[in-house]
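Peer 1: What the sequence shown shows, in mature numbering (1 follows the signal peptide of the UniProt record, and there is no 0), is residues -25 to -1, 1 to 333, in sequence order.
Ideal placement from N, C-alpha and C gives every residue a C-beta, glycine not left out.
Small disclaimer: the values here were computed from a predicted structure and weren't measured.
Sharing a structure here in structure tokens format.
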Amino acid sequence: MNSMLRRLALAAALTVGAGAVLAYAEGGGDLVVFDWSGYEDPLLHPDYTAKYGAEPTFAFFGDEDEAFEKMRAGFKADIAHPCSQSVAKWRAAGILQPLDTSRIAGWKNLNPGIMAMKDLAVSADGKAWFMPFDWGNTSLLYRTDKVTAQEAQSLRVFADPKFKGRVTIGDNVDDAYALASLVIGLKDWTKMTDAQFQEASAFLRDVHKNVRFYWTDDTDLNQAFTGNEVDLVWGWNETFVTLKGQGMPIAMNRDTTEGISTWVCGYVLMKDAPGKLDQAYDFLSAVNAHAVSDYLVKTFGYGHGNSAGMAAIDHQVLADRGFDNLDKFLDKTLFQQPVPPELKQRMVTEFEKIKAGY
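As structure tokens, this is what we get:
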């Protein structure tokens, strides 16, 4: 089921509040899941649907900073889906509660390489806060009938005047500064100096001159590609998998001169969860089920947190997606780990100025 079909399946959804937050008119019990658009796909949590005979209620956010501010303003959810660069911030803000891992089926099968990442899934005191679910890339996607392989060898192509009005990058501060950091030769953005921040921001201003729009949703992005609106995208695996499957002349270059960005996202349990805790743990177990691995890899193009489920997938499929070796996957990339709070706020403020043309 591609992004368009998932959106059509939501045609009967109910709009709730500001920020294009959507929820099913009939939720599965009291569970509220605050998520990225597309992850409401029932085949990502089939065991939950089978048990309760209905879907959870889903609300959507466009980026994690938006989600964080909305929750701090009083929005209530049981479960949310942040990524690696935000988990420590959310935990420090006191909006999460630790996970009872004994209630999550398959917890011991979670990818050991991801689980070993410092202060991500488990904090120094041994408490678990984050269940890895999906991992992937933000990388250069391009139309092979409009952009040559040589042009697509460098991320600097996003600022090439030749592609004025033919570029889109995500309306997402983390992906934007990951792109800019790679271009200036910085793989560890936690060590970004003031001079490097200025250089990275200057590159994003050059990219802005070429941007047709800042994408927030895979559906809009896919439509722009198929509608011949854009030739170059700084985007995620799902776009490549979906459009390639539709016969679009598209390529993903994971081997640019400057590299790629990698990320790990997963589910957390909110401190003031209004729903039933049993349903929350049933949902976490459902998305961590072995059967979900095959669907997530083949349909979305993302790796699954459950290493046992991943191991059961045909090796050639994993190799084609670039997931046959996690160490290689993370090597020579910018991993979107948390940056110091003051630097993150500076990025947020500056990116808003850049998008506004300043």
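(1) What are the start and end residues of each continuous alpha helix (DSSP H) run of 4 or more residues lying completely inside the region 186 to 242, in chain order?
(2) Give a yes or no on contact between the region 13 to 27 and the region 59 to 74, applying the rule of three or more CB pairs nearer than 8 Å.
(3) Identify the continuous beta strand (DSSP E) that holds L161 and give its terminal residues.
(4) Based on DSSP bridge pairs, tell me the residues matched to W11.
(5) For A175 and D163, what's the separation of their Cα atoms in angstroms?
(6) Determine the direct distance from the alpha carbon of M90 to that of K330, and round the result to whole angstroms.
(7) Which word fits V(-5), buried or exposed, when buried means at least 16 other C-beta atoms lie within 10 angstroms of its C-beta?
(8) So, do the region 206 to 224 and the region 165 to 180 have three or more beta carbon pairs nearer to each other than 8 Å?
(9) For T113, list the residues DSSP reports as bridge partners.
(10) Note the first and the last residue of the continuous alpha helix (DSSP H) segment covering F178.
(11) Just checking, does the region 2 to 16 make contact with the region 25 to 42 on the three C-beta pairs under 8 Å criterion?
(12) Measuring straight from C-alpha to C-alpha, what distance separates T324 and I288?
(13) If contact is defined by three or more beta carbon pairs under 8 Å, each pair taking one atom from either stretch, is the region 106 to 120 in contact with the region 209 to 217?
(14) Would M227 pass as a contact of L116 if the rule is Cβ separation under 8 Å?
(15) In or out: S77 buried (at least 16 other Cβ within 10 Å) or exposed?
(16) From this set, Q254, F200, W238, which residue's C-alpha is nearest D120's C-alpha?
(17) Just curious, the alpha helix (DSSP H) that L95 is in, first and last residue?
(18) Out of K219, L244, K319, Q254, which one is the CA nearest neighbour of F275?
(19) Which residue marks the beginning of the alpha helix (DSSP H) containing L318, and which one marks its end?
(20) Pull the bridge partners of G145 from the DSSP assignment, please.
(21) For the 8 Å Cβ check, are there 3 or more pairs between the region 135 to 143 and the region 284 to 300?
(22) Assuming the contact rule is C-beta atoms closer than 8 Å, T237 and Q311 should be a hit. Round their C-beta distance to whole Å, please.
(23) Can you check which of these residues, N197, N84, G234, is closest to Q221 by C-alpha distance?
(24) To the nearest angstrom, report how far apart T143 and V186 are at their CA atoms.
(25) Which class does H279 belong to by DSSP, given the choice of helix, strand or coil?
(26) Out of Y242, K93, D257, M46, state which residue places its alpha-carbon closest to the alpha-carbon of I70.
(27) Here's a check: name, in chain order, each residue in its chain whose Cβ is nearer than 6 Å to the Cβ of D5, leaving out the five neighbours to either side.
(28) Specify, as a first and last residue, the run of the alpha helix (DSSP H) that F258 falls within.
(29) Compare the beta carbon distance of E39 and P57 with 8 Å and say whether it is the shorter of the two.
(30) Among the candidates D149, A80, T123, whose CA atom is the shortest distance from the CA of V262?
(31) For H265 and H20, I'd like the C-alpha separation in whole angstroms.
(32) Suppose the cutoff is 8 Å on Cβ atoms and the five residues either side in sequence are ignored; what does the same chain contact list for W190 look like?
(33) Might you give, ordered along the chain, the residues of its own chain that have their beta carbon closer than 8 Å to the beta carbon of L293, omitting 5 neighbours on each side?
(34) CA-CA distance, D247 and K184?
(35) Which residues in the same chain have their Cβ closer than 8 Å to the Cβ of K51, if we skip the five residues on either side of it in sequence?
(36) Where A55 and G241 are concerned, what is the direct C-alpha to C-alpha distance, given to the nearest angstrom?
Peer 2: Considering the structure as presented:
(1) 193 to 201, 212 to 220
(2) no
(3) Neither: L161 is in no beta strand (DSSP E) and is coded neither H nor E.
(4) F36
(5) 13 Å
(6) 35 Å
(7) Note on V(-5): pLDDT 42, under 50, position unreliable in the model; the coordinate value appears next. The residue in question, V(-5), is buried, as its Cβ has 16 or more Cβ neighbours within 10 Å.
(8) no
(9) W211, S236
(10) 169 to 183
(11) yes
(12) Approximately 42 Å between the Cα atoms of the pair.
(13) Under the three-pair Cβ rule at 8 Å, the region 209 to 217 counts as touching the region 106 to 120.
(14) yes
(15) By the C-beta density criterion, S77 is exposed, having fewer than 16 other C-beta atoms within 10 angstroms.
(16) F200
(17) Unbroken run through L95: none, as it is neither H nor E.
(18) If we check each option's Cα against that of F275, K219 comes out closest.
(19) Unbroken alpha helix (DSSP H) run through L318: 316 to 330.
(20) Within the DSSP bridge table, the entry for G145 names W190 as partners.
(21) no
(22) 7 Å
(23) N197
(24) 5 Å
(25) H279 falls in the strand class under three-state DSSP.
(26) M46
(27) G250, K251
(28) 252 to 262
(29) yes
(30) A80
(31) If you take the alpha carbons of H265 and H20, they lie about 11 Å apart.
(32) For W190, the CB contacts under 8 Å within the same chain, skipping 5 residues up- and downstream, are T143, I144, G145, D146, L196, A199, V208, G210 in chain order.
(33) Correct list, in chain order: V272, M285, D299.
(34) 43 Å
(35) V7, M245, D247, A248, P249
(36) 8 Å
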